[in-house]
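Residue numbers (mature numbering (1 follows the signal peptide of the UniProt record, and there is no 0)): -21 to -1, 1 to 899.
Written below as structure tokens is the structure these notes are about.
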């Protein structure tokens, strides 16, 4: 017991000694009066006060460094308009050398102006980029500028494929400051801000509710909220009441609102479930964890009535900015006991200052605290859950990347962890929704007048006093819009005469003027129109073609029979005919008497036999198996070429070609539809003013074509293919289509305002209808079947079409020749082995090559035996080396060279066996 008392006494003595030393140190240090302007009615203001106080206390208690100055804080509350009086009191009465705060941008704007006049540095965490950072050298921003998060927000929007967003902001210098930066970055990501919704700083509940109802009626369901915490809390609670925190909505909140979520009450947290936000990332070090523990204890001792409060990055920045100010005063160096004010050196040091603080690198450049990485969080349960990160170098990522990683910028949603969206769903909101109540979709439609009503036909229903529309384009639109729960109203495009819409450029431009939401009709997708509107995928392909009367132009060509094949193919076929004839002669002339005789006869046989295969008229029989193989392959090739030639010639005789460019050269007139795409090209190099006439109906087309150029009509009609398809379905027996895709276009499409989220859904629905064949069915119902036109004509067949066949023939004949000559040389190897000269050998081989080869019967006759023909008693033939003599007086003497002919003339009923009798 006694020992315990002694220990306590020793501790008290030691503490008193430390306090004495501290007081002595304070007495010797120069006093630096610093004003602190905070909104002490807010949790954030109280957090700032605790952090600033702890920073000053930690510095004064640190005896490891010999500090020559000591910060003396003078706190002022900035409630309402008191901010001006508070700053004046600090500057004139207390005569502070620097001001920390205020925290709000609208308050900082006043203090910065006064500090600039008094040449006193103002170190404020106000985040609005609208504050005059560059205009005054005495303003230092001790927090990240809100413009630095614009790229991160745009990257998130792009990652989920949203094309339109609505920006909801406070109508103040704080709220509007982010707008230009966010707009630019969203546009760079092909995202537009469809609507701007602002809330007054002191808006009442009914004003907030009215704005929420307006937002609910909009198509766009992606909302970016940039407002202070006090207004945001009421805003999200009311948004939940009106049903806007449900499935289908996507909410994104900016910093500092995201960083302050830890300080909101449970009611606000419950209302914000599913919200996505970005906030400044501060690495969690051991030093930060120790400080957080100290701060939490200190804060709850000073503010026991606040149940929910956690330290955030703004508190760390307040601590670091206070420490940085003290360090800057030390660097400037003041020898006096009282640091003088009004010295610009302190502001110069602070505007470019680097300090290792709690928030890691506290780097101020040109008066701005530099940003690094942002944390992407999702409000789930009682707090926020980290789902990813964003950096300037790497974009979006699940894990925080460092400089050593490969620099690949990502804007993919797969780079984020799982997100729980409003309505407790994991399904990504599509970003837009057609309202089921309220305004109808305004659909602009053209008036077609008396012609071309099959595409769009506008009528007025006198009973309902409503505009009704029908036709091919309308039916396709109804199929698409039928999958979407919305109502539409058709609005005819007014014209000067009130009869028809001639120029569709004016119709499309009405969307840009916000008179229509969609334009439906036979509107061609063109580049100049895409400057003002977005088009969905084309629902029917188009292009410009020509219609002409059916004429027998090609049949008057005397050489049309040569057109099916190209000149090169004709020459190749002729060469192969001669080549095959020569090959067959080589293989047959030694064994076949038909290929023997004078040279003139043999040359004639070569051409006759080869070309007669073209009509299968060759009567000569081939005896060599190699010849039969070659002829078989060649006849097959001839068959294929004959059939191809016949088919192509028949098509050419059927299809009548008449090129529109030829008519222009002849100076004939060409007709086109009034106000159509062709009218745009009427003054171009393709058409001249001297040879065009415009028409407004199919009946006028028919009449003009029937008259012809000489009688005041036209020689051809140039129009887009869908119109010509409909025209030919009515007059297919008189006209035909040529020059398809004479001018290529992208087709007909529905037009929307720029950035409309309806474009992607309409495009998807159109592709689905095409795959299902529904659009083709609608086209056949309104435009008639395809097939009443012909193409640009058939091209002549060239060598490439038969390259494989000629290759087969070449390989086959070459193989046959190789086998033949190999056998021939083998049979005459005694000539090659003789001792004669090369000339003599070649001469002997030539004689052997041109000599008639004896068949097997002749070879048997040379054995000297007696041949007896069974069942032929009147004929008995004996053979010797000199010849063959008949013992019957009716048979004449036959020379040895005619053995083969005699055996060929024996009647078919003579039996084959031949008996050889030996001579004794």
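The C-beta atom is built at its ideal place from N, Cα and C for all residues, glycine as well.
Rounded to whole angstroms, what's the CA-CA distance from residue 155 to residue 368? Just pull it up for me. Counted from its first residue, the chain shown places residue 155 at position 176. Counted from its first residue, the chain shown places residue 368 at position 389. Distance between the alpha carbons of residue 155 and residue 368: 25 angstroms.
Residue 434 by DSSP, collapsed to three states: which one? Indexing the chain shown from 1 puts residue 434 at position 455. Note: residue 434 maps to coil in three-state DSSP.
The beta strand (DSSP E) spanning residue 339 covers which residue range? For this step, residue 339 is matched to residue 360 along the chain shown. Looking at the DSSP string, the run of the beta strand (DSSP E) that includes residue 339 is 339 to 344.
Other residues of its chain near residue 450: CB distance less than 7 angstroms, five sequence neighbours each side excluded: Along the chain shown, read from residue 1 onward, the residue named residue 450 stands at position 471. Exclusion of the five residues before and after residue 450 leaves 432, 433, 434, 435, 436, 761 as the residues of its chain whose Cβ lies within less than 7 angstroms of its Cβ.
Quick check: what's the CA-CA separation for residue 51 versus residue 40? The residue given as residue 51 occupies position 72 in the chain shown. The residue given as residue 40 occupies position 61 in the chain shown. Roughly 14 angstroms separates the two Cα atoms.
For residue 128, report the span of its alpha helix (DSSP H) as first-last. For the purposes of this step, residue 128 is taken as residue 149 along the chain shown, with counting starting at 1. It is not in any alpha helix (DSSP H) - residue 128 carries neither H nor E in the DSSP assignment.
Look at the Cβ atom of residue 281, then the Cβ atom of residue 201, and state whether they are nearer than 8 angstroms. Sequence index remark: in the chain shown, residue 281 carries index 302 (1-based). Sequence index remark: in the chain shown, residue 201 carries index 222 (1-based). Not in contact: residue 281 and residue 201 (Cβ atoms no closer than 8 angstroms).
How far does the alpha helix (DSSP H) with residue 789 in it extend, from its first residue to its last? The residue you call residue 789 lines up with position 810 of the chain shown. Counting along the chain, the alpha helix (DSSP H) containing residue 789 begins and ends at 782 to 806.
If we count the other Cβ atoms within 10 Å of its Cβ and call it buried at 16 or more, is residue 622 buried or exposed? Along the chain shown, read from residue 1 onward, the residue named residue 622 stands at position 643. It is exposed - the Cβ of residue 622 has fewer than 16 other Cβ atoms within 10 Å.
Just how far apart, CA to CA, sit residue 276 and residue 32? Counting from 1 along the chain shown, the entry for residue 276 is found at position 297. Counting from 1 along the chain shown, the entry for residue 32 is found at position 53. C-alpha separation (whole angstroms): 14 angstroms.
Nearest by alpha-carbon distance to residue 180: which of 149, 169, 166 is it? In the chain shown, counting from the first residue as 1, residue 180 sits at position 201. Measuring from the Cα of residue 180, the nearest candidate turns out to be 149.
Would you identify the three-state DSSP class for residue 205, choosing helix, strand or coil? What you label residue 205 is simply residue 226 of the chain shown in a count that begins at 1. If DSSP states are grouped into helix, strand and coil, residue 205 belongs with the strands.
According to DSSP, simplified to helix, strand and coil, what is residue 624? To locate residue 624, count along the chain shown from 1; it is residue 645. Residue state, collapsed to three classes: helix.
From which residue to which residue does the alpha helix (DSSP H) around residue 486 run? Here residue 486 is taken as the residue at index 507 of the chain shown, counted from 1. Judged by DSSP secondary structure, residue 486 falls within the alpha helix (DSSP H) whose first and last residues are 483 to 491.
For my contact list, residue 254 and residue 274 are in at a C-beta cut-off of 8 angstroms; report their separation, rounded to the angstrom. For the purposes of this step, residue 254 is taken as the residue at position 275 of the chain shown. For the purposes of this step, residue 274 is taken as the residue at position 295 of the chain shown. Not confirmed; about 27 angstroms, so no contact.
Residues that residue 352 bridges to, as DSSP identifies them: Along the chain shown, read from residue 1 onward, the residue named residue 352 stands at position 373. Beta-bridge pairing by DSSP links residue 352 to 370.
Checking the sheet assignment: what are the DSSP bridge partners for residue 16? One-based indexing of the chain shown puts residue 16 at position 37. The partner list for residue 16 (beta bridge, DSSP) reads 55.
Residue nearest to residue 626 in terms of C-alpha spacing, selected from 97, 687, 543: Within the chain shown, the letter at position 647 stands for residue 626. Nearest of 97, 687, 543 to residue 626, Cα basis: 543.
Could you check how far apart the C-beta atoms of residue 513 and residue 734 are, in whole angstroms? I think they sit under 8 angstroms. By one-based count along the chain shown, residue 513 stands at place 534. By one-based count along the chain shown, residue 734 stands at place 755. Contact flag correct, Cβ pair sits at about 7 angstroms.
Note down the Cα distance separating residue 168 from residue 657, rounded to an integer number of angstroms. Looking up residue 168 in the chain shown gives position 189. Looking up residue 657 in the chain shown gives position 678. Distance between residue 168 and residue 657, taken at the CA atoms: about 36 angstroms.
Would you report the Cα separation of residue 308 and residue 135, rounded to the nearest angstrom? By 1-based counting over the chain shown, the position of residue 308 is 329. By 1-based counting over the chain shown, the position of residue 135 is 156. Cα to Cα, the separation comes out at about 42 angstroms.
On the CB-based measure, 16 or more other CB atoms within 10 Å of its CB, does residue 821 come out buried or exposed? Numbered from its first residue, the chain shown carries residue 821 at position 842. Exposed: under 16 other Cβ atoms inside 10 Å.
Let me know if residue 577 comes out buried or exposed under the rule of 16 or more other beta-carbons within 10 Å of its beta-carbon. Numbered from 1 along the chain shown, position 598 holds the residue referred to as residue 577. Answer is exposed; the Cβ neighbour count stays below 16.
Excluding the 5 residues preceding and the 5 following residue 81 in the sequence, name in chain order all residues of the same chain whose CB lies nearer than 8 angstroms to its CB. Taking the chain shown and counting its residues from 1, one reaches residue 81 at position 102. Here the set comprises 16, 17, 18, 57, 62, 87, 90, 103, 105.
Measure the alpha-carbon distance for residue 779 versus residue 691 and round it to whole angstroms. If you number the chain shown from 1, residue 779 lands on position 800. If you number the chain shown from 1, residue 691 lands on position 712. Taking the straight line joining both Cα atoms gives about 47 angstroms.
Go ahead and label residue 205 buried or exposed: buried means 16 or more other beta carbons lie within 10 angstroms of its beta carbon, across all protein chains shown. Position 226 of the chain shown, counting from 1, holds the residue named residue 205. Per the 10 Å Cβ criterion, buried.
Buried versus exposed call for residue 843 [16 or more other C-beta atoms within 10 Å across all chains shown]: Residue numbering aside, residue 843 sits at position 864 when the chain shown is read from its first letter. Confidence in residue 843 is poor, its pLDDT being 40 and thus under 50, which makes the residue's placement unreliable; the coordinate value appears in the next sentence. The residue is exposed, with fewer than 16 neighbouring Cβ atoms inside 10 Å.
Does the stretch 290 to 300 come within contact of the stretch 255 to 265, defined as at least 3 CB pairs closer than 8 angstroms? yes
Using the DSSP secondary-structure output, state which residues sit across from residue 442 in a beta bridge. Position 463 of the chain shown, counting from 1, holds the residue named residue 442. Note: residue 442 sits in no beta bridge, so no partner.
In terms of residue numbering, what span does the alpha helix (DSSP H) encompassing residue 294 cover? Here residue 294 corresponds to residue number 315 of the chain shown, with the count starting at 1. DSSP places residue 294 in the uninterrupted alpha helix (DSSP H) bounded by 292 to 311.
Rounded C-alpha distance that separates residue 306 from residue 379: Your numbering for residue 306 matches position 327 in the chain shown. Your numbering for residue 379 matches position 400 in the chain shown. In this structure, the alpha-carbon of residue 306 lies about 31 angstroms from that of residue 379.
Suppose contacts are defined by Cβ-Cβ distances below 8 angstroms. Is residue 515 in contact with residue 706 by that definition? Here residue 515 refers to the residue found at position 536 of the chain shown. Here residue 706 refers to the residue found at position 727 of the chain shown. For residue 515 and residue 706, no; Cβs fall outside 8 angstroms.
Beta carbon of residue 203: closer than 7 angstroms to some heavy atom of the ligand GDP? With respect to the ligand GDP, the structure offers nothing, as it holds no ligand at all.
Cα-Cα separation, residue 629 to residue 681: The residue given as residue 629 occupies position 650 in the chain shown. The residue given as residue 681 occupies position 702 in the chain shown. Approximately 29 angstroms, taken between the alpha carbons.
Continuous beta strand (DSSP E) stretch holding residue 420: start and end: The residue labelled residue 420 in the question sits at position 441 within the chain shown. From DSSP, the beta strand (DSSP E) with residue 420 extends over 420 to 424.
Chain-order list of residues whose beta-carbon lies under 7 angstroms from that of residue 614 (same chain, five-residue window excluded): Within the chain shown, the letter at position 635 stands for residue 614. Excluding sequence neighbours, residue 614 sits near 592.
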